[in-house]
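Quick notes on the structure that follows.
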Amino acid sequence: MNTLAREVRGAHEQERKDPGSHITPVWHYLAVLATLLALLTLSAISALFPLGYWNTIVNLMISVIKTLLVMLFFMHETEARTLTRTTSALGFVWLAILIGIMLTDFLARSIVPPPW
Amino acid sequence: MNASVNEIESLRDRGLLEKQFDDPVQQREAATLGMWVFLSTEILFFGVLFASYTICRILYPHGFAYASRETDFLLGTIETGVLLTSSSLIALGVRAIKLDQRALAAWLLAGTAALGVTFLVMHGFEYHKEWTEHLIPGLNFARGGPYARAIELFFCLYYFITGFHSLHVLAGVCVIGGLAIRVARGAFGPERFTTLELAALYWHLVDIVWIFVYPLIYLVGRAG
Amino acid sequence: MVAIDADTHIDTAPRNFLNCETGLWSWLTTHDHKRIGILYAIGITFFFFLGGAAATLIRLHLVTPNGAVLDAETYNKAFTFHGVVMVWFFLIPSIPATLGNFLLPLMIGARDVAFPKLNLASWYLYIIGGLFTICALLMGGVDTGWTFYTPFSTMFSNSNVFLVIVGVFVTGFSTIFTGLNFIVTIHNLRMPGMKWFKLPLFVWAMYAVSIVMVLATPVLAMTLALIGLERGLGVGVFDPALGGDPLLFQHLFWFYSHPAVYIMILPAMGVVSEIIPCFAKRDIFGYRFMVYALVAIAVIGFLVWGHHMFVAGMSVYAGLVFSILSFLVAVPSAIKVFNWTATLHKGAITFEAPMLYALGFVGLFMLGGLTGLMLAAPALDVPLHDTYFVIAHFHYVMVGGSVMAYLGGIHYWWPKITGKLYNEALAKFSAILMFCGFNLTFFPQYVLGYEGMPRRYAHYAPQFQVLNVLSSAGASILALSYLLPLAYLGWSLFRGAAAGNNPWDARGLEWQTTSPPPTENFFKPPVVQDAYAYDQPAP
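Chains as they are written, first to last, in numbering that gives the first Met the number 0: chain A, 0 to 115; chain B, 0 to 223; chain C, 0 to 538.
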């Protein structure tokens with residue numbers, strides 16, 4: 000059972016890539032770290048300027064970019080199979096659904112005054 | 000990588016291939032997928048706190064801005080830098096073990112754990128400062144004024160979010176510290192590193208959570 | 000050495016997963032998914048009867064309008080306990096953790112699940128969570144309802160909320176890890192040739208339910224933790240006196256709890272999709288659409304939670320959105336009902352006990368689903384919310400649906416799991432008795448709700464008594480029909496006839512191995528056919 004299944008599997012998937020075998024150069028990691036720290040400085044400094052609601056938008060966008068950098072390069076999503084990438088996106092998408100639909104309630108409430 | 004029948008049996012005998020898997024690639028892919036599924040659950044777990052934060056901030060925009068100014072901007076920023084650096088260290092550590100550079104890998108993992116401890120210590124200083132300023136709801140909260148409720152809500156969420164996050168950091172520090180010791184003793188190598196990869200994925204997620212916590216807690220209303 | 004082939008009968012066994020190791024310790028430390036499935040079965044049977052005892056108290060009490068059995072506070076504790084135990088310790092684990100654990104690797108031709116040790120850990124988490132809940136019961140119970148609405152649960156209830164919350168929190172992780180295990184198993188451990196669209200619908204149902212488990216349960220975990228923190232510290236985000244919003248709790252709670260009901264129904268649909276083709280001896284009608292419907296129910300089921308909050312103070316516009324989405328989720332469910340019916344058309348139908356349960360499921364699920372549509376319309380929900388109409392609706396889908404399917408599955412795969420056949424006449428009688436007892440119990444509750452009887456009240460207006468008495472009478476018949484299987488299934492373990500590999504002449508990889516299967520599941524590799532290949536002979 001072991002060997003038969005393995006041989007058949009091997010025949011089917013000769014060229015299947017092994018995501019674990021890829022070695023990233025050191026300077027990739029250091030470049031990503033430098034970018035992350037630069038973005039951190041940017042968000043800290045931009046927070047000191049009065050931009051109204053743009054402060055929040057800029058800071059959250061920077062957070063999203065930092066997250067993508069960590070996921071793509073530190074967590075090796077660039078070499079991962081599609082299934083892994085879909086799984087990683089799913090948590091964020093579901094959280095967006097939770098917050099998004101909750102907002103349809105909290106942003107659309109109207110005060111109904113009592114009839115007396 | 001197409002292992003022969005003998006190689007597969009050898010891997011099983013050495014405990015490197017579990018009986019439910021047919022080959023090491025399948026085993027590694029399964030482990031990675033399993034960890035990513037778990038990370039998605041963690042995103043939703045913390046997500047509840049972010050969702051609560053979003054709603055409360057919409058209800059009390061000015062109060063939250065006022066309350067955020069009471070947090071420690073410098074400490075929060077440094078903590079973020081510390082976590083980002085620790086992420087790069089563990090990524091480099093996993094790379095080192097794949098290249099059989101065990102001593103380097105052990106030091107990198109130890110460094111990651113050390114930075115994690117640094118994060119927790121700095122956070123401890125933050126909590127202490129907030130204790131002296133009477134900003135802990137339920138224990139010694141003593142703020143008045145028009146924004147009192149909003150400040151209390153903000154700090155409630157602050158302690159919930161940073162509390163759960165710090166627990167995750169602590170768990171990560173313990174696991175990674177333990178793995179650093181095992182790496183130094185030769186338990187891992189180019190044929191056996193999946194556990195390290197999984198620990199690294201977990202640590203990166205802890206970092207990602209903080210990447211979002213930082214602007215939402217420390218950077219609201221700083222320009223006011 | 001006994002020669003093993005497709006017709007090998009097990010009287011005194013060649014080795015199988017039951018006799019390979021003996022002793023309690025071998026069971027408590029097993030990594031075998033089949034043994035873990037049986038461990039779960041023992042646990043959920045225990046909790047089923049525990050929750051059933053609470054239901055018995057409730058129905059006894061409701062025989063008279065002024066309630067002679069329980070005082071009001073104890074009544075609150077009784078329905079809370081019934082809900083908590085039945086939802087989290089019976090329904091959610093029932094089919095996935097017992098039948099799913101046992102069958103999933105067999106159906107895909109694997110030797111075990113992807114993470115066997117995690118599987119065992121899941122069972123221990125389930126048991127520990129259960130112990131916390133029983134502890135809460137022994138210390139006086141909880142009176143908040145299984146829905147833990149704030150601020151009552153956080154501020155005003157004087158009962159053991161914290162203990163129950165810890166119990167459910169811990170069991171939640173059991174669910175998450177089971178779902179995780181199944182997702183990875185289905186993606187990575189299918190045998191060569193077992194392509195996605197050759198999988199039995201039971202496997203697809205396990206896949207869909209696992210995705211729901213993994214995405215919904217963490218939200219519950221954190222929400223319960225927030226209740227605990229708020230209760231412990233006296234501050235939090237759900238208390239209006241502190242500027243928080245109790246509706247925030249309801250949103251977060253129902254974001255989990257509505258998908259939770261799909262966790263309960265999707266596996267049941269998977270079981271029924273196995274049984275009906277077998278006893279109609281026909282391929283399932285519209286296999287691909289059955290798959291798409293499962294996935295659609297899983298996804299859309301996440302978008303409808305607000306229909307529990309139409310009258311809670313939520314925005315009317317949000318109510319509109321949730322209502323439309325709730326109508327939408329009925330479409331894939333209906334497609335499945337149509338396809339099961341079409342599978343029966345021109346089939347060679349026989350009425351063994353599993354088939355009786357499956358047919359009962361289709362009818363009762365349909366009734367429950369239609370009344371769900373009525374509740375999805377806000378205009379109807381305004382008078383019907385918090386009445387017995389809602390109770391009847393969810394018992395039709397959960398009990399008439401999920402529990403019947405669970406029992407049908409137990410009967411269908413009993414020969415495979417135990418190697419024994421049960422008494423068919425008793426089983427048929429039991430199934431029909433259950434159908435009659437169920438309808439007598441819960442159909443009057445639709446009428447009661449329509450007439451305005453509120454739920455969770457220890458006393459009711461006298462004009463409701465006749466229907467309440469009918470309902471309680473039905474409950475006693477239902478209780479008997481649940482006890483009977485314990486008797487004849489237990490009897491079959493000692494005196495049942497040997498089952499053989501494939502007593503139903505079914506299709507599916509699990510029927511190509513011995514009954515019971517060996518620890519590694521297959522003595523020789525099974526042959527992969529198209530799903531439900533009833534037009535071809537069994538390999």
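Don't be surprised by glycine CBs; every beta carbon is placed ideally from N, CA and C.
Inset, instruction - Inspect the beta-carbon positions of N520 of chain C and G178 of chain C and report whether they are closer than 9 Å. - result: It is not a contact, given that the beta carbons lie outside the stated cut-off.
Legend entry - Close-in-space but distant-in-sequence residues of the same chain around E129 of chain B (CB under 7 Å, 5 per side omitted): Annotation for E129 of chain B: I135 place their beta carbon closer than 7 Å to its own, counting only its chain and skipping 5 residues before and after.
Inset, instruction - Kindly say whether T148 of chain B, judged by its beta-carbon, lies nearer than 9 Å to any beta-carbon of chain C. - result: With the sequence shown as reference, residue 148 of chain B is identified as Arg, and Thr is not the correct amino acid for it. Closer than 9 Å: yes.
Inset, instruction - Can you give me the start and stop residues for the alpha helix (DSSP H) that F562 of chain C sits inside? - result: Shown here, chain C extends from 0 to 538; a query on residue 562 of chain C therefore has no answer.
Legend entry - Exposure of M221 of chain C, with buried meaning 16 or more beta-carbon neighbours within 10 Å: With 16 or more Cβ atoms within 10 Å of its Cβ, M221 of chain C is classed as buried.
Legend entry - Selected residue, minimal CA-CA separation from L103 of chain C, among C:I91, C:G235, C:G269: Distance from the Cα of L103 of chain C is smallest, within the candidate group C:I91, C:G235, C:G269, for C:G269.
Inset, instruction - Have a look at V336 of chain C and L379 of chain C and give me their C-alpha separation to the nearest angstrom. - result: Rounded to the nearest whole angstrom, the CA to CA distance from V336 of chain C to L379 of chain C is 24 Å.
Inset, instruction - Report the partner residues of K419 of chain C according to the DSSP bridge assignment. - result: Its beta-bridge partners are C:A497.
Inset, instruction - Look at the alpha carbon of I43 of chain C and the alpha carbon of E72 of chain C, and state the distance between them as a whole number of angstroms. - result: Between I43 of chain C and E72 of chain C, the C-alpha separation is close to 27 Å.
Inset, instruction - Establish whether the CB of S314 of chain C and some CB of chain A are separated by less than 9 Å. - result: Output row for S314 of chain C: interface = yes.
Legend entry - Local conformation of M506 of chain C per DSSP, three classes: The sequence given here has Arg at residue 506 of chain C, not Met. Reduced to three states, the DSSP call for R506 of chain C is coil.
Inset, instruction - Step through the CB atoms of chain C and report whether any lies within less than 9 Å of the CB of H11 of chain A. - result: Low local confidence applies: a pLDDT of 41 at H11 of chain A is under 50, so the model's placement there is unreliable, with the coordinate-based value given in what follows. At least one beta carbon of chain C lies nearer than 9 Å to the beta carbon of H11 of chain A.
Legend entry - N188 of chain B, DSSP secondary structure in three states: It should be pointed out that residue 188 of chain B corresponds to Gly in this sequence rather than to Asn. In the three-state scheme derived from DSSP, where H, G and I count as helix and E and B as strand, G188 of chain B is classed as strand.
Inset, instruction - Can you tell me which of C:D111, C:L98, C:L225, C:G399 puts its alpha carbon nearest to the alpha carbon of I160 of chain B? - result: Of the listed residues, the one whose Cα sits closest to I160 of chain B is C:L225.
Inset, instruction - Please state if the CB of I275 of chain C and the CB of A357 of chain C are separated by a distance shorter than 9 Å. - result: A357 of chain C is a Cβ neighbour of I275 of chain C, given a cutoff of 9 Å.
Legend entry - Bridge partners - G386 of chain C, DSSP secondary structure assignment: The sequence as given places Thr at residue 386 of chain C; Gly does not occur at that position. Paired residue(s): C:P453.
Inset, instruction - Give, in chain order, every unbroken run of the alpha helix (DSSP H) that is at least 4 residues long and sits entirely within the region 16-86 of chain A. - result: Within the region 16-86 of chain A, the complete alpha helix (DSSP H) runs of at least 4 residues are 25-45, 52-68.
Inset, instruction - Note down, in chain order, each residue of its chain lying with its Cβ closer than 6 Å to the Cβ of R58 of chain C, except the 5 sequence neighbours on either side. - result: Within the same chain, Cβ atoms closer than 6 Å to the Cβ of R58 of chain C are found at S471, A474, the five residues on either side in sequence being excluded.
Inset, instruction - Give a yes or no on whether 9 Å exceeds the smallest Cβ distance from L41 of chain A to chain B. - result: The beta carbon of L41 of chain A sits no closer than 9 Å to any beta carbon of chain B.
Inset, instruction - Determine, using beta carbons only, whether L108 of chain B and L88 of chain B come nearer to each other than 9 Å. - result: Closer than 9 Å, so yes.
Legend entry - Spatial neighbours of R189 of chain C in its chain, beta-carbon cut-off 6 Å, leaving aside the 5 residues before and after: Only I107 meet the Cβ criterion.
Inset, instruction - Kindly list, in the order they appear in chain C, the residues whose Cβ is closer than 9 Å to that of C55 of chain B. - result: What C55 of chain B touches in chain C: V236, G242, G243, D244, L247.
Legend entry - S514 of chain C - DSSP class collapsed to helix/strand/coil: Three-state DSSP puts S514 of chain C in coil, outside helix and strand.
Inset, instruction - Just confirm the distance between the C-beta atoms of F237 of chain C and P150 of chain C, as a whole number of angstroms; I'd bet it's less than 8 Å. - result: Yes, F237 of chain C and P150 of chain C are in contact; Cβ-Cβ is about 6 Å, under 8 Å.
Inset, instruction - Pick helix, strand or coil for Q19 of chain B, following the three-state DSSP scheme. - result: In this structure, DSSP gives Q19 of chain B a state outside helix and strand, which the three-state scheme calls coil.
Inset, instruction - With a threshold of 16 other CB atoms inside 10 Å of the CB of T216 of chain C, please say whether the residue is buried or exposed. - result: The C-beta of T216 of chain C has 16 or more other C-beta atoms within 10 Å across all chains shown, which makes the residue buried.
Inset, instruction - Measure the alpha-carbon distance for L59 of chain A versus F48 of chain A and round it to whole angstroms. - result: Linking L59 of chain A to F48 of chain A through their CA atoms gives a straight-line distance of about 15 Å.
Legend entry - Option in A:I56, A:W26, A:A95, A:L39 with minimal Cα separation from I210 of chain B: Answer by Cα proximity: A:L39.
Legend entry - Alpha-carbon spacing of P13 of chain C relative to I416 of chain C, whole angstroms: If you take the alpha carbons of P13 of chain C and I416 of chain C, they lie about 15 Å apart.
Legend entry - Proximity test, Cβ basis, 9 Å: L302 of chain C and chain A: Output row for L302 of chain C: interface = yes.
Inset, instruction - Figure out for me which residue from C:T184, C:H392, C:Q511 has the closest Cα to the Cα of V260 of chain C. - result: When the alpha-carbon of V260 of chain C is set against those of C:T184, C:H392, C:Q511, the nearest one is in C:H392.
Inset, instruction - Could you tell me which of C:P443, C:W24, C:L324, C:M308 sits nearest to A295 of chain C, measuring between CA atoms? - result: The residue with the shortest Cα to Cα distance from A295 of chain C is C:L324.
Inset, instruction - Measuring only between beta-carbons, confirm whether G90 of chain A sits less than 9 Å from chain C. - result: Interface residue, yes.
Inset, instruction - Indicate the three-state DSSP secondary structure (helix, strand or coil) for N15 of chain C in the structure shown. - result: Reduced to three states, the DSSP call for N15 of chain C is coil.
Inset, instruction - Indicate whether at least one CB of chain E lies closer than 9 Å to the CB of V111 of chain A. - result: Within the model displayed, chain E is absent; protein chains A, B and C are what it includes.
Inset, instruction - Under 8 Å Cβ to Cβ from K76 of chain C, same chain only, skipping five residues before and after it: list those, please. - result: Excluding sequence neighbours, K76 of chain C sits near G139, G140, V141, D142, S158.
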